[in-house]
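Asks:
There are 2 protein chains.
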Amino acid sequence: MDLNKIAEKIKAGLRAKEVIIVVGSMEVFYEGRASSTLGAGERLLIIKEDGSVLVHRPRGYEPVNWQPPDSKIEVGVDEGRLVVEARRVRPREVLKAVFTDVKAVLSFKLHDEAEFAMYATEEDMKRAILMEPTLIEDGFKPMESERRAGDSGFIDIFGVDREGNLVVVEIKRRNATSEDIRQLLRYVESVERELGRRPRAIIAAPGVQRSAMRELASHRVEFRCVTPRRCAEILKRGQGLERFL
Amino acid sequence: MDLNKIAEKIKAGLRAKEVIIVVGSMEVFYEGRASSTLGAGERLLIIKEDGSVLVHRPRGYEPVNWQPPDSKIEVGVDEGRLVVEARRVRPREVLKAVFTDVKAVLSFKLHDEAEFAMYATEEDMKRAILMEPTLIEDGFKPMESERRAGDSGFIDIFGVDREGNLVVVEIKRRNATSEDIRQLLRYVESVERELGRRPRAIIAAPGVQRSAMRELASHRVEFRCVTPRRCAEILKRGQGLERFL
DNA sequence: CCTTCCGTTAGGCTC
DNA sequence: GAGCCTAGCGGAAGG
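Heads up: the sequence lines are chains A and B, in that order.
Under our numbering, read the first sequence as residues 2 to 246, first letter to last.
Under our numbering, read the second sequence as residues 2 to 246, first letter to last.
Given below as structure tokens:
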């Protein structure tokens, strides 16, 4: 298939808002927030219906070059080479692929309106703890979630322990950082100002960054190991039960 | 083409370490660090020679599901549906794509050994400043780069100004945050402890986040606007000169 | 519109 | 191998 035919096929795909795949030998140039060059090699160029562009090498999960949605795409033939340019304005960026050889061109209208559902977000972890408060400790009683803490933000879970002490719980789905500890302490102080009693501070997360350990200890913040994984299981179990209710 | 033929073609591609593209209607399930499901829809499944797997919807720059390199891939036909599973062990994760319809299967051995060159990283910015110290100010003399600052980390550039004052320069290729300012101040204090003289603190970046401005002013940290773009130009100029030396 | 924060972050580098 | 930081981060949520 000659280059002009290929260019026409790509243009037709663009007009029809299809997903276009070009396989072949190309050089790639990017200029924008940074700039990069990539010498000749065989790769995949993918143009999506929304104007996203991806260049994938034969190895590695990440694209070597790309352009986000809404890029303007131009296709042409110049000195016997197929040239695909994707431009966007803010920020001003250009991605240019120059093909010296094309092994294949595919273009498909893809219909995909399905919903993507991801489990065990931080929100899910909160639901799991509310459903199973022993994740924090025996006798813990959640009272409020997303309680306003003055102008410091929102407390993930606010409750009392078995001895009636107030408890502020901060949830993270990743290892807690010193910034997270500081945030939790701001909540503690806000509650103390408001209610006149200093609450216990508990961070519920899969772990604590080494660099945050000192801050944790020195401010008497307690740590509970709670992983998104385990929370997802608890929620799944809960959903299983719901079916019988 | 029947499903068994398609499965065979994919298996052959896997054996030959080719890059495989399957276009068709599929459901996708992921279970691992998190878990997700994606209902039926037409998408792209890409398997690379190193065992990376990508699922791309017709819109958006990012894959909706993926598996990093070194995943073990199994292909089979089950109840009239093509099933592709990619597993990895650490962490334990499974990505499963179940096709109800296949529009196309491509498999290519791609040869790509070209070098990828990215310009104006933070490292490049440092080289540009060392090459052209007036980017910081007239009379600035860099003395060391990557100088150890006690246990606080490494100072990007350590030097003296025209009046003999010590200068600590912190470089960022993006707008400076308050965390960056704090880091710089830790260096300042480390130098003061070590040498008994308090150095000037300069942050060299394209800008400063609004929220970091107060910290900048109150701690007398100075700001110099230095962009990756401009640094790339300086390096390019420098390389041009090198050719004549 | 801007800023801030999260991600199955990935990937690189140091200890 | 584990911890830590950067990214052309992208994307979402909040102001």
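All residues carry an ideal CB built from backbone N, CA and C; glycine is no exception.
Nothing here was measured: the structure is a model prediction, and the numbers come from that model.
1) May I ask you to report which of helix, strand or coil DSSP gives A:Gln184?
2) Leaving out five residues on either side along the sequence, give the residues of the same chain with a beta carbon under 7 Å from the beta carbon of B:Phe30.
3) Would you identify the three-state DSSP class for A:Ser191, choosing helix, strand or coil?
4) Could you check the C-alpha separation between B:Val56 and B:Ser108 for me, to the nearest Å?
5) When the Cα of B:Val192 is compared with those of B:Val209, B:Asn166 and B:Thr178, which residue comes out closest?
6) Kindly indicate if chain A contains any beta-carbon less than 8 Å away from that of B:Ala13.
7) Which one of B:Val169, B:Arg199 and B:Glu123 has the shortest CA to CA distance from B:Lys142?
8) Can you tell me the Cα-Cα spacing of B:Arg249 and A:Ser36, whole angstroms?
9) Quick check on A:Lys104 - is its C-beta less than 8 Å from some C-beta in chain B?
10) For A:Thr38, which of helix, strand or coil comes out of DSSP?
11) At a CB-CB cut-off below 7 Å, which residues of chain A make contact with B:Pro59?
12) Could you round the C-beta distance between B:Asp162 and B:Glu138 to whole angstroms and report it? I think they count as a contact, below 8 Å.
13) Give me, in chain order, the residues of the same chain whose beta-carbon lies closer than 7 Å to that of A:Ile7; leave out the 5 immediate sequence neighbours on both sides.
14) For the candidate residues A:Arg88, A:Gly77 and A:Leu136, whose alpha-carbon lies nearest to that of A:Glu247?
15) Have a look at B:Ala150 and A:Glu216 and give me their C-alpha separation to the nearest angstrom.
16) Determine the direct distance from the alpha carbon of B:Tyr62 to that of A:Asp71, and round the result to whole angstroms.
17) To the nearest angstrom, how far is the alpha carbon of A:Ile235 from that of A:Ala129?
18) Does B:Arg149 come out as helix, strand or coil in the three-state DSSP assignment?
19) Going along the chain, which residues of its own chain have a beta-carbon closer than 6 Å to the beta-carbon of B:Gly208, five neighbours each way excluded?
20) From what residue to what residue does the beta strand (DSSP E) around A:Ser108 run?
21) Please name the residue, chosen from A:Ala206, A:Arg199 and A:Ile156, that lies closest to A:Arg225 on a Cα-to-Cα basis.
22) Take A:Glu147 and list the residues in its own chain whose beta-carbon comes closer than 6 Å to its own, dropping the five residues that flank it on each side.
23) Please check the pair A:Glu50 and B:Pro59, which I expect to be a contact at CB under 8 Å, by giving their CB distance rounded to whole angstroms.
24) Quick check: what's the CA-CA separation for A:Lys173 versus A:Thr101?
25) Verify the CB distance criterion: does A:Val85 have a CB-CB separation below 8 Å to chain B?
26) Relative to the C-alpha of A:Pro200, which candidate in A:His220, A:Leu46 and A:Arg44 has its C-alpha closest?
27) Say whether chain A places a C-beta atom closer than 8 Å to the C-beta of B:Val90.
28) Return the chain-ordered list of same chain residues with a C-beta closer than 6 Å to the C-beta of A:Glu94, the five sequence neighbours on each side being excluded.
29) Tell me whether A:Lys18 sits in a helix, a strand or coil according to DSSP, three-state version.
30) Spatial neighbours of B:Lys18 within its chain, please: C-beta separation below 6 Å, excluding the five flanking residues on both sides.
31) Output needed for A:Val99: all residues of its chain with C-beta closer than 7 Å, excluding positions within five of it in sequence on either side, in chain order.
32) At 7 Å on the CB atoms, spell out the chain B contacts of A:Leu39, in chain order.
33) Indicate the three-state DSSP secondary structure (helix, strand or coil) for A:Met144 in the structure shown.
34) Just mark B:Arg1 as buried or exposed, buried being the case when its beta carbon has 16 or more other beta carbons within 10 Å.
35) Under three-state DSSP, which class holds A:Asp125?
36) Shortest alpha-carbon distance to B:Arg16 belongs to which of B:Val76, B:Glu80, B:Ser179 and B:Gly197?
Replies: Let me spell this out:
1) helix
2) Thr38 and Lys97
3) helix
4) 16 Å
5) B:Asn166
6) no
7) B:Val169
8) Absent from the model: residue 249 of chain B. The displayed extent of chain B is 2 to 246, so no value can be given.
9) yes
10) strand
11) Val20, Lys49, Glu50, Leu111 and Asp113
12) 7 Å
13) Leu83, Val103 and Val106
14) Only positions 2 to 246 of chain A appear in this structure, which leaves residue 247 of chain A out of reach.
15) 21 Å
16) 10 Å
17) 6 Å
18) strand
19) Asn176
20) Glu94 to Phe109
21) A:Ala206
22) Phe155
23) 5 Å
24) 49 Å
25) no
26) A:His220
27) no
28) Gly33
29) coil
30) Glu50
31) Met27, Glu28, Arg82 and Val84
32) Ala115 and Phe117
33) strand
34) Because residue 1 of chain B is not part of the residues shown, which for chain B are 2 to 246, the question remains open.
35) helix
36) B:Val76
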